Amino acid sequence: METRTQGLSEFCGQRLIRQEKELKRLRTLVYKDELTGLMNYRAFREGMGKLLGEDDAYGLIYLDLDQFKEVNDTFGHLAGDRLLREVAGALNRAAGSLAQVYRLGGDEFALIVTAAEQLHTVRERVLTEFEQAENLEIKGLRVSASVGTAQFPEDGRTYDEMLGSADCCMYADKYRRKAGMTTETF
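Going by our numbering, the sequence shown opens with residue 79, and the numbers climb by one from there.
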């Protein structure tokens with residue numbers, strides 16, 4: 079009888095370990111972008127929600143890739159996927175320990191900079207990565223990024239206000255770049 083109980087106990091213990099591993103794997107899938115390995119839109123919304131609840135100053139960098147549609151249309155989705163992974167690496171290098179990088183979907187990315195005073199530094203690192211990264215060019219087609227920033231609480235006090243402010247700055251940057259104007263710091 080004792081051997082059966084011991085065997086049943088071991089079986090239950092092993093099953094519990096397998097279930098815990100599977101639960102951890104599923105949690106990872108919920109918050110990670112499968113293609114890039116970055117945190118995803120859901121993780122971004124939750125991260126922003128936590129920061130808004132703390133009422134501490136922080137910064138948001140929002141960016142959209144320029145010429146990405148042309149990459150997909152000209153060279154195919156496999157080339158586009160490779161490029162998105164390269165962009166993820168470039169953004170992680172730029173962020174270092176100062177920011178968390180997210181892929182919001184398609185060719186949109188965001189970085190949350192928890193120390194607001196580092197917002198400008200991280201933005202400049204992002205721009206430098208895009209200027210210097212050789213792997214962001216495919217057969218002569220160079221992909222760049224339009225970048226916008228917002229700082230809490232100056233530029234917004236809600237998720238929608240913060241993202242809206244950064245989005246507005248990003249589109250202003252995109253317009254300036256298309257018009258051949260110099261990029262200003264937002």
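For every residue, glycine included, the Cβ atom is placed at its ideal position computed from N, Cα and C.
Predicted, not measured: the structure shown is a model, and the values here were computed from it.
CB-CB under 8 Å to residue 236, same chain, minus the five flanking residues each way: which ones, in chain order?
Along the sequence shown, one-based indexing puts residue 236 at 158. 130, listed in sequence order.
Whose C-beta lies closer than 8 Å to the C-beta of residue 229 among residues of the same chain, with five residues either side of it excluded?
Translated into the one-based positions of the sequence shown, residue 229 becomes position 151. Around residue 229: 135, 136, 137, 138, 194, 197.
Is residue 142 closer than 8 Å to residue 98 when the C-beta atoms are compared?
Indexing the sequence shown from 1 puts residue 98 at position 20. Indexing the sequence shown from 1 puts residue 142 at position 64. Taking the C-beta atoms as reference points, residue 142 is found no nearer than 8 Å to residue 98.
Answer with yes or no whether the minimum CB distance from residue 168 to chain B is below 8 Å.
Structure shown: chain B not included; a single protein chain is present.
First through last residue of the alpha helix (DSSP H) which encompasses residue 245
Residue numbering aside, residue 245 sits at position 167 when the sequence shown is read from its first letter. Annotation: the continuous alpha helix (DSSP H) that includes residue 245 extends over 237-256.
What are the boundary residues of the alpha helix (DSSP H) that residue 234 is part of?
In the sequence shown, the residue the question calls residue 234 occupies position 156. Taken as a continuous stretch (DSSP letters only), residue 234 belongs to no alpha helix (DSSP H), as it is neither H nor E.
In three-state terms, what does DSSP make of residue 145?
Within the sequence shown, the letter at position 67 stands for residue 145. It is coil, neither helix nor strand.
In the DSSP assignment, what are the bridge partners of residue 179?
Residue mapping note: residue 179 aligns to position 101 of the sequence shown, counting from 1. Beta bridge pairing from DSSP links residue 179 with 189.
Backbone CA spacing between residue 200 and residue 211 [nearest angstrom]
Walking along the sequence shown from the start, residue 200 turns up at place 122. Walking along the sequence shown from the start, residue 211 turns up at place 133. Going from the Cα of residue 200 to the Cα of residue 211 covers about 16 Å.
Indicate the three-state DSSP secondary structure (helix, strand or coil) for residue 218 in the structure shown.
To locate residue 218, count along the sequence shown from 1; it is residue 140. The answer is coil: DSSP assigns residue 218 none of H, G, I, E or B.
Per the DSSP calculation, residue 139 is bridged to which residue(s)?
For this step, residue 139 is matched to residue 61 along the sequence shown. DSSP lists 189, 227 as partners of residue 139.
In whole angstroms, give me the CA-to-CA distance for residue 171 and residue 100.
Locating residue 171 in the sequence shown gives position 93, where the first residue counts as 1. Locating residue 100 in the sequence shown gives position 22, where the first residue counts as 1. The alpha-carbon separation between residue 171 and residue 100 amounts to approximately 30 Å.
Under DSSP, the alpha helix (DSSP H) around residue 114 begins and ends at which residues?
In the sequence shown, residue 114 corresponds to position 36, counting from 1. Note, residue 114: premise wrong, no alpha helix (DSSP H); not H, not E.
Distance CB(residue 173)-CB(residue 182) smaller than 8 Å
Position 95 of the sequence shown, counting from 1, holds the residue named residue 173. Position 104 of the sequence shown, counting from 1, holds the residue named residue 182. Contact: no.
Quick one: residues in its chain with C-beta nearer than 7 Å to the C-beta of residue 157, no 5 flanking neighbours on either side, listed in chain order?
To locate residue 157, count along the sequence shown from 1; it is residue 79. Contacts found: 149, 216.
By DSSP, does residue 276 sit in helix, in strand, or in coil?
Missing from the structure shown is residue 276; the chain here goes from 79 to 264 and no further.
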